[in-house]
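Chemist: Residue numbers (the numbering used here): 41 to 414. C-beta: ideal position from N, C-alpha, C; glycine also.
1. Buried or exposed for residue 270, please, with buried defined as at least 16 other CB atoms from any protein chain shown within 10 angstroms of its CB.
2. Counting Cβ pairs closer than 8 Å, one from the region 239-253 and one from the region 272-285, do we hit at least three?
3. Would you mind sorting residue 153 into buried or exposed? The rule is 16 or more other CB atoms within 10 Å of its CB.
4. Use the C-beta contact count for residue 199: other C-beta atoms within 10 angstroms, 16 or more gives buried, fewer gives exposed.
5. From the DSSP output, in three-state form, read off residue 344 for me.
6. So, is the C-beta of residue 231 closer than 8 Å to a C-beta in chain C?
7. Compare the Cα-Cα distances from residue 88 to each of 235, 181 and 112 and report the closest residue.
8. Within the same chain, show all residues whose beta-carbon is closer than 7 Å to that of residue 290, passing over the 5 residues directly before and after it, in chain order.
9. Kindly examine the ligand MG and report whether one of its heavy atoms sits closer than 7 Å to the Cβ of residue 387.
10. Give, in chain order, every unbroken run of the alpha helix (DSSP H) that is at least 4 residues long and sits entirely within the region 117-177.
11. Per the DSSP calculation, residue 338 is bridged to which residue(s)?
12. For residue 338 and residue 331, I'd like the C-alpha separation in whole angstroms.
13. Report yes if the C-beta distance between residue 109 and residue 76 is below 8 Å; otherwise report no.
14. Would you call the region 66-74 and the region 296-313 touching, i.e. three or more CB-CB distances under 8 Å?
15. Quick one, are the C-beta atoms of residue 385 and residue 351 less than 8 Å apart?
16. Rounding to the nearest angstrom, what Cα-Cα distance links residue 171 and residue 257 in this structure?
17. Do the CB positions of residue 126 and residue 195 come within less than 8 Å of each other?
18. Count the C-beta pairs between the region 369-382 and the region 339-358 that are closer than 8 Å, then say yes if the count reaches three, no if not.
19. Roughly how many whole angstroms lie between the Cα atoms of residue 353 and residue 314?
20. Secondary structure at residue 199, three-state DSSP: helix, strand or coil?
21. Hey, out of 100, 288 and 277, whose CA is closest to residue 307's CA?
22. Does the region 397-408 come within contact of the region 223-243, defined as at least 3 CB pairs closer than 8 Å?
23. Quick one: is residue 181 buried, meaning 16 or more other Cβ sit within 10 Å of its Cβ, or exposed?
24. Specify, as a first and last residue, the run of the alpha helix (DSSP H) that residue 312 falls within.
25. Helix, strand or coil, according to DSSP, for residue 107 in the structure here?
26. Is it a yes or a no for the region 258-266 touching the region 279-286, going by three-plus beta-carbon pairs under 8 Å?
27. Please state if the CB of residue 92 and the CB of residue 135 are separated by a distance shorter than 8 Å.
28. Quick one: using the 10 Å Cβ neighbour count with 16 as the cut-off for buried, is residue 78 buried or exposed?
29. Look at residue 396 and residue 233 and say whether their C-beta atoms are less than 8 Å apart.
30. Kindly confirm or deny that the region 203-214 and the region 149-164 touch, where touching means at least three C-beta pairs closer than 8 Å.
31. Are the beta-carbon atoms belonging to residue 86 and residue 114 less than 8 Å from one another?
32. In chain order, what residues of the same chain lie with their CB nearer than 6 Å to the CB of residue 236, ignoring the 5 residues before and after it?
33. If you count every other CB in all the chains shown that lies within 10 Å of the CB of residue 294, and 16 or more means buried, which is it?
34. Nearest CA to the CA of residue 139: which residue from 156, 124, 130 and 123?
35. Determine whether the beta carbon atoms of residue 202 and residue 41 lie at a separation below 8 Å.
36. For residue 323, tell me which candidate among 309, 161, 104 and 67 has the shortest Cα-Cα distance.
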């Protein structure tokens with residue numbers, strides 16, 4: 041069996057600074073070890089954990105994700121359309137519940153048979169984590185080599201791989217919920233006008249992460265700045281990606297721009313963002329009650345009060361912006377008095393013109409952003 045505390049130390053020595061995941065009984069001692077070192081970010085689902093770890097990777101570090109194999113399916117989207125697409129590899133530890141030949145709960149039977157096959161299908165190199173400490177260094181070296189070549193790497197973890205590690209003392213939440221202002225009616229601005237105002241407002245050192253679809257494409261058309269990252273695929277992952285980046289680079293302000301459909305897809309990550317609450321992160325939701333980039337199909341955002349949800353999740357400042365002027369005032373307040381901020385702005389549906397597509401590929405955009413950060 042392995043000493044999870046020693047394994048965490050060995051990972052940190054190899055540059056792995058941030059751990060995130062969703063618990064599994066096979067991995068509880070590894071999670072406890074990472075938590076005792078204050079390196080573990082609690083995610084609400086496994087896909088969010090991948091995005092958080094990838095966000096730390098933007099800043100040049102290496103991220104670790106921990107999950108039960110049943111949750112591997114939750115991570116398929118970011119593993120195939122975020123980490124692979126941008127070349128933002130993560131190191132994964134996935135448990136082998138339902139291991140063939142061992143008795144387990146019935147819901148794990150199928151996943152136990154197909155876990156390694158799923159990794160193969162995603163072209164993620166993997167190996168079984170050895171329970172012999174003599175093998176650990178070689179296994180980690182192989183993982184580091186893969187990650188430094190731009191590929192994620194996974195360890196499949198059988199039952200009883202770790203010695204017991206006591207849970208860390210749970211730190212009570214010390215934040216304060218925002219008071220949510222009432223809504224104010226105003227003429228709905230077009231998304232392109234909103235993005236143009238943000239682009240003109242931003243300082244060169246401030247980073248913009250734009251969600252997949254027309255938001256990223258329109259931002260690119262307005263100004264293809266070195267501090268921009270245009271997410272493609274991995275819908276709903278802009279928030280946790282921004283969280284990982286903001287935690288890794290507290291010296292840089294990170295503005296995440298999402299649509300209502302993307303937030304609804306992974307709304308659980310609002311709780312994680314509100315809990316860890318980096319003051320250098322602002323989360324802006326442009327809400328037009330539609331999936332604009334796929335034809336304008338309706339979302340259910342007209343029955344959702346995003347600001348109230350954000351406040352309940354722990355964001356310290358929550359703003360209902362009634363137009364571009366109110367949005368810019370909220371951005372100015374965040375710049376002058378940084379705190380975890382959520383801004384909601386209703387916008388009109390549609391586009392002024394068909395947006396283009398970035399001339400640079402995703403990995404080139406990421407490389408440019410990294411150079412900008414350095």
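Modeler: With the given structure in hand:
1. Numbered from 1 along the chain shown, position 230 holds the residue referred to as residue 270. That one is buried.
2. yes
3. Position 113 of the chain shown, counted from the start, is the residue given in the question as residue 153. So residue 153 counts as exposed.
4. For the purposes of this step, residue 199 is identified with residue 159 of the chain shown, where counting begins at 1. That one is exposed.
5. As a position in the chain shown, residue 344 is number 304, starting the count at 1. Residue 344 falls in the coil class under three-state DSSP.
6. No chain C is part of this structure, which consists of one protein chain only.
7. Stepping through the chain shown from its first residue, residue 88 is reached at position 48. It is 112 whose Cα lies nearest to the Cα of residue 88.
8. Within the chain shown, the letter at position 250 stands for residue 290. Only 318 and 320 meet the Cβ criterion.
9. Looking at this structure, you won't find the ligand MG or any other ligand, since it has none at all.
10. 123-126 and 149-161
11. For the purposes of this step, residue 338 is identified with residue 298 of the chain shown, where counting begins at 1. 330.
12. Mapped onto the chain shown, residue 338 falls at position 298. Mapped onto the chain shown, residue 331 falls at position 291. Going from the Cα of residue 338 to the Cα of residue 331 covers about 6 Å.
13. Within the chain shown, numbered from 1, the residue matching residue 109 stands at position 69. Within the chain shown, numbered from 1, the residue matching residue 76 stands at position 36. No, the pair does not count as a contact, with Cβ atoms beyond the cut-off.
14. no
15. Here residue 385 refers to the residue found at position 345 of the chain shown. Here residue 351 refers to the residue found at position 311 of the chain shown. Cβ distance not < 8 Å, so residue 385 and residue 351 don't count as in contact.
16. The count along the chain shown starts at 1 and reaches residue 171 at position 131. The count along the chain shown starts at 1 and reaches residue 257 at position 217. Cα to Cα, residue 171 sits roughly 47 Å from residue 257.
17. By one-based count along the chain shown, residue 126 stands at place 86. By one-based count along the chain shown, residue 195 stands at place 155. No, these two residues do not count as a Cβ contact at 8 Å.
18. yes
19. Within the chain shown, the letter at position 313 stands for residue 353. Within the chain shown, the letter at position 274 stands for residue 314. If I take the Cα positions, the gap works out to 5 Å.
20. Position 159 of the chain shown, counting from 1, holds the residue named residue 199. Correct three-state label for residue 199: coil.
21. As a working mapping, residue 307 is identified with position 267 in the chain shown. Considering only alpha carbons, the answer is 277.
22. no
23. Numbered from 1 along the chain shown, position 141 holds the residue referred to as residue 181. Label assigned to residue 181: exposed.
24. Position 272 of the chain shown, counted from the first residue, corresponds to residue 312. Looking at the DSSP string, the run of the alpha helix (DSSP H) that includes residue 312 is 309-316.
25. Position 67 of the chain shown, counted from the start, is the residue given in the question as residue 107. Looking at residue 107 - three-state DSSP - the assignment turns out to be strand.
26. no
27. The residue you call residue 135 lines up with position 95 of the chain shown. The residue you call residue 92 lines up with position 52 of the chain shown. No. Outside cutoff.
28. Mapped onto the chain shown, residue 78 falls at position 38. By the neighbour-count rule (16 or more Cβ atoms within 10 Å), residue 78 is not buried but exposed.
29. Numbered from its first residue, the chain shown carries residue 396 at position 356. Numbered from its first residue, the chain shown carries residue 233 at position 193. No; because the gap between Cβ atoms is not below 8 Å, this pair is not in contact.
30. no
31. In the chain shown, residue 86 corresponds to position 46, counting from 1. In the chain shown, residue 114 corresponds to position 74, counting from 1. Yes.
32. Taking the first residue of the chain shown as 1, we reach residue 236 at position 196. Closer than 6 Å at Cβ, skipping near neighbours: 262.
33. Stepping through the chain shown from its first residue, residue 294 is reached at position 254. With 16 or more Cβ atoms within 10 Å of its Cβ, residue 294 is classed as buried.
34. The residue labelled residue 139 in the question sits at position 99 within the chain shown. Of the candidates 156, 124, 130 and 123, the one whose C-alpha sits nearest the C-alpha of residue 139 is 156.
35. Within the chain shown, residue 202 is the residue found at index 162, counting from 1. Within the chain shown, residue 41 is the residue found at index 1, counting from 1. It is a contact, given that the beta carbons lie within the stated cut-off.
36. Translated into the one-based positions of the chain shown, residue 323 becomes position 283. It is 309.
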